[in-house]
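**Q**
Number of protein chains: 2
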Amino acid sequence: MTASLLEQLIEAFRVLPGVGQKTAQRMAYHILERQREGGARLSAALAEAIEHIRHCERCRDFSETDVCAICASASRDAHQLCAVETPADRLAIEQATEYRGLYFVLQGRLSPLDGIGPRELGLDRLAARLAEGEVQELIIATNPTVEGEATAHYLAQLARQHGVRPSRPTHGLPLGGELEYADRGTLSHAFGSRSEVP
Amino acid sequence: MTASLLEQLIEAFRVLPGVGQKTAQRMAYHILERQREGGARLSAALAEAIEHIRHCERCRDFSETDVCAICASASRDAHQLCAVETPADRLAIEQATEYRGLYFVLQGRLSPLDGIGPRELGLDRLAARLAEGEVQELIIATNPTVEGEATAHYLAQLARQHGVRPSRPTHGLPLGGELEYADRGTLSHAFGSRSEVP
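Residue numbers (full-length UniProt numbering), protein chains in the order written: chain C, 1 to 198; chain E, 1 to 198.
1. Between the alpha carbons of H171 of chain C and A69 of chain C, how many angstroms are there, rounded?
2. With L102 of chain E as the anchor, note down where its beta strand (DSSP E) starts and where it stops.
3. Would you identify the three-state DSSP class for I53 of chain E, choosing helix, strand or coil?
4. First and last residue of the alpha helix (DSSP H) that includes D89 of chain C?
5. Over the uninterrupted alpha helix (DSSP H) stretch that includes Q157 of chain E, give me the two end residues.
6. Going by C-alpha distance, which of E:R60, E:R129, E:E178 and E:A40 is nearest E85 of chain E?
7. Pull up the distance between the alpha-carbon of H162 of chain E and that of L102 of chain E, whole angstroms please.
8. Kindly identify the DSSP beta-bridge partner or partners of F62 of chain E.
9. By the three-class DSSP mapping on this structure, what secondary structure does R194 of chain E have?
10. With a threshold of 9 Å between beta-carbons, can V135 of chain E be considered close to chain C, or not?
11. Would you say the region 41 to 56 of chain E touches the region 107 to 114 of chain C, given that touching needs at least three Cβ pairs under 8 Å?
12. Let me know if L46 of chain C comes out buried or exposed under the rule of 16 or more other beta-carbons within 10 Å of its beta-carbon.
13. Can you look up P174 of chain C in the DSSP assignment and give me helix, strand or coil?
14. Along chain E, in chain order, which residues have C-beta atoms closer than 9 Å to that of P166 of chain C?
15. What are the boundary residues of the alpha helix (DSSP H) that includes S4 of chain C?
16. To which residues does DSSP link A121 of chain E through a beta bridge?
17. If we ignore side chains and look at the alpha-carbon of each, how far apart do E134 of chain C and A96 of chain C end up?
18. Mapping DSSP to helix, strand and coil, what is Q80 of chain C?
19. Just the C-alpha distance for A159 of chain C and A83 of chain C, rounded to the nearest angstrom, thanks.
20. Does A83 of chain E have its Cβ less than 9 Å from a Cβ in chain C?
21. Can you have a look at S193 of chain C and say buried or exposed, based on whether 16 or more other CB atoms are within 10 angstroms of its CB?
22. Would S4 of chain E pass as an interface residue toward chain C - the criterion being a Cβ-Cβ separation below 9 Å?
23. Measuring alpha carbon to alpha carbon, tell me which residue in E:V19, E:A74 and E:Q25 is nearest L9 of chain E.
24. Could you tell me the alpha carbon to alpha carbon distance between A152 of chain E and I139 of chain E, rounded to whole angstroms?
25. With a cut-off of 9 Å, does the C-beta of A88 of chain E fall near any C-beta of chain C?
26. Buried or exposed for Q157 of chain E, please, with buried defined as at least 16 other CB atoms from any protein chain shown within 10 angstroms of its CB.
27. When we look at the beta-carbon of E107 of chain E and count the other beta-carbons within 10 Å, is it buried (16 or more) or exposed?
28. What in chain E is Cβ-close to F104 of chain C, meaning under 8 Å?
29. Express the C-alpha separation of V19 of chain E and T2 of chain E in angstroms, rounding to a whole number.
30. Is there a C-beta anywhere in chain E that falls below 9 Å from the one on Y99 of chain C?
Following this line, the structure appears as C-alpha cells:
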C-alpha cells in the first residue's frame, strides 16, 4: 500500500519508448529526489499537449490549430508537396534542407499485415489535395525500407493519376561517410546509379 | 506559435535522466501518436506522486505516509539497521537478499565539494536513532566508491560512538562473473582478502 503511488509512477513511465523497469525506476527516483519542479512541468505539459494537440486538417502533422503554421503560411510554395512518414521526418527535412514547399504527413507507411492501408494513411485526403490542381510535384520522402518503398510506389502512381510529377530524394552514400562503413545495399545502389563526374 | 505546446512537451521530457533532444522528441511523438492514454496516466501519476510522496520520518525513504511500511512493520528486526545511499539501493537489497532488519536511506553520500555533509544526509537523525539503544548492528551498504567509502568510514565511527557494531557487506568477485572480466580493484581486493578453502 505504502509504495503504491511510487509503483504507479514507475509503471506509468514504461509507456515511453525504450523505457523498461530499471529505467522507469531511475526516472521516478530522479524526479522525486531532484526534479520535483521539472516533474510538475512535465505532468502539466503532457496534460496540455494531450488535450490540445490534434492533427492539422491539411497535412495531418501535429497542430494545436485546425491548420498548422506551415500549411497556413503564405510564404510557402504550394506547388510542391512533400510526403513523409512521420512528424519527426518532417522536422528533420525542415531543419536540414532549404525546402520551402508544403508537407503531407502519412503518420505511418503501407503495411497490410498490420492493417495499415491507404485509408489509415489518409491517402483519400492526399488524392483530394492532388485533385485540387495546385500541386505540381509530389516529393516522396518515405524511408528507404521495404514498406517505405512500397508506399513510395503507391504514392507515385497516385500522383501520376492526378497529373502530378512524382519525385524521390536520391539515395547514395551518406555525405561524410566512409565507403568501408557503408552498408551493402547503399553501396551497391550507389554504384549502380553512379553519375558522370562533371 | 503553433508548435509551442509540442516544443514545451519535448523540453519537459528533458528533465528525465539520460534524455536528450532526440529522445525527448521521440517520446513526445510516441505519446501523441500512439499512447495518449498512457501519457494521460503518466501525467496524473507524476502529479499525484509529486504531491503525496514525502520522506519517511524514520528511514528517509520515499513514503506516502509519515512512517513507511517497512519502518512501521512489526515483523522486521529492529536490532539491525542498514544504511544505503539511495531508495534504489534499498529496493535492490530488499529484492535480492533475505534481510529482515530496518533501513536508513542517506539520499546521497558525503561529498564536501558538492556541499553534501553529515547534515544533508540526515546523520543527526541517524545518531538519535542509534542513541535510542535498540539498534545493535549498523550494516553500512554504501557503494564501494571513494565517496561511498568515506561515508562508510564516517558511519562506522558514528556507530561505535553509540556502542553499535558497524558491519559492511564483503567485497569480492561477483558471483557468476569471470576472473578475466573483473576490474583490477576488485581482483586485487579479492586476492588480498582471500579466505581458506574449508
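Glycine included, C-beta positions come from ideal geometry on N, C-alpha and C. Since we're looking at a predicted model, the values are computed, not measured.
**A** Let me lay it out:
1. For this step, residue 171 of chain C is matched to residue 171 along the first sequence. For this step, residue 69 of chain C is matched to residue 69 along the first sequence. For H171 of chain C and A69 of chain C, the distance between alpha carbons rounds to 30 Å.
2. Here residue 102 of chain E corresponds to residue number 102 of the second sequence, with the count starting at 1. G101 to V105 is the extent of the beta strand (DSSP E) around L102 of chain E.
3. Looking up residue 53 of chain E in the second sequence gives position 53. Three-state result, I53 of chain E: coil.
4. Taking the first sequence and counting its residues from 1, the one referred to as residue 89 of chain C is at position 89. D89 of chain C -> alpha helix (DSSP H) spans P87 to A96.
5. Indexing the second sequence from 1 puts residue 157 of chain E at position 157. Q157 of chain E -> alpha helix (DSSP H) spans V146 to Q161.
6. On the second sequence, position 85 is the one that residue 85 of chain E refers to. Residue E:R60 is the option with its Cα nearest to E85 of chain E.
7. The residue given as residue 162 of chain E occupies position 162 in the second sequence. The residue given as residue 102 of chain E occupies position 102 in the second sequence. So the two alpha carbons sit approximately 18 Å from each other.
8. By one-based count along the second sequence, residue 62 of chain E stands at place 62. E:H55, per the DSSP bridge assignment.
9. Position 194 of the second sequence, counting from 1, holds the residue named residue 194 of chain E. Three-state DSSP puts R194 of chain E in coil, outside helix and strand.
10. Position 135 of the second sequence holds residue 135 of chain E. With 9 Å as the cut-off, V135 of chain E does not count as an interface residue toward chain C.
11. no
12. Residue mapping note: residue 46 of chain C aligns to position 46 of the first sequence, counting from 1. Buried, since its Cβ has 16 or more Cβ neighbours within 10 Å.
13. Numbered from its first residue, the first sequence carries residue 174 of chain C at position 174. Three-state result, P174 of chain C: coil.
14. Against the first sequence, residue 166 of chain C aligns to sequence position 166. By Cβ distance, chain E contributes nothing, its closest Cβ being about 26 Å from P166 of chain C, past 9 Å.
15. The residue you call residue 4 of chain C lines up with position 4 of the first sequence. It spans S4 to F13 - the alpha helix (DSSP H) in which S4 of chain C sits, taken as one unbroken run.
16. Position 121 of the second sequence, counted from the first residue, corresponds to residue 121 of chain E. Reading off the sequence, residue 121 of chain E comes out as Leu, not Ala. BP columns for L121 of chain E are empty, so no partner.
17. The residue you call residue 134 of chain C lines up with position 134 of the first sequence. The residue you call residue 96 of chain C lines up with position 96 of the first sequence. Each residue's alpha carbon lies about 25 Å from the other.
18. As a first step, residue 80 of chain C must be located in the first sequence, where it is residue number 80. Residue state, collapsed to three classes: strand.
19. To locate residue 159 of chain C, count along the first sequence from 1; it is residue 159. To locate residue 83 of chain C, count along the first sequence from 1; it is residue 83. Answer to the nearest angstrom: the Cα atoms are 11 Å apart.
20. Locating residue 83 of chain E in the second sequence gives position 83, counting from the first residue. Closer than 9 Å: no.
21. Counting from one through the first sequence, the residue named residue 193 of chain C turns up at place 193. S193 of chain C is exposed by the Cβ-count criterion.
22. Counting from 1 along the second sequence, the entry for residue 4 of chain E is found at position 4. Interface residue, yes.
23. Position 9 of the second sequence, counting from 1, holds the residue named residue 9 of chain E. That would be E:Q25, whose Cα lies nearest to the Cα of L9 of chain E.
24. To locate residue 152 of chain E, count along the second sequence from 1; it is residue 152. To locate residue 139 of chain E, count along the second sequence from 1; it is residue 139. About 10 Å.
25. Taking the second sequence and counting its residues from 1, the one referred to as residue 88 of chain E is at position 88. With 9 Å as the cut-off, A88 of chain E counts as an interface residue toward chain C.
26. Mapped onto the second sequence, residue 157 of chain E falls at position 157. Classification for Q157 of chain E: exposed.
27. Against the second sequence, residue 107 of chain E aligns to sequence position 107. Note that residue 107 of chain E is Gln in the sequence shown here, rather than Glu. So Q107 of chain E ends up on the buried side.
28. Looking up residue 104 of chain C in the first sequence gives position 104. Within chain E, no residue comes near F104 of chain C; the closest Cβ sits about 16 Å away, beyond 8 Å.
29. Walking along the second sequence from the start, residue 2 of chain E turns up at place 2. Walking along the second sequence from the start, residue 19 of chain E turns up at place 19. The predicted model places T2 of chain E with a pLDDT of 45, which falls under 50 and marks its position as unreliable, so this point remains unresolved.
30. Working through the first sequence from its first residue, we reach residue 99 of chain C at position 99. With 9 Å as the cut-off, Y99 of chain C does not count as an interface residue toward chain E.
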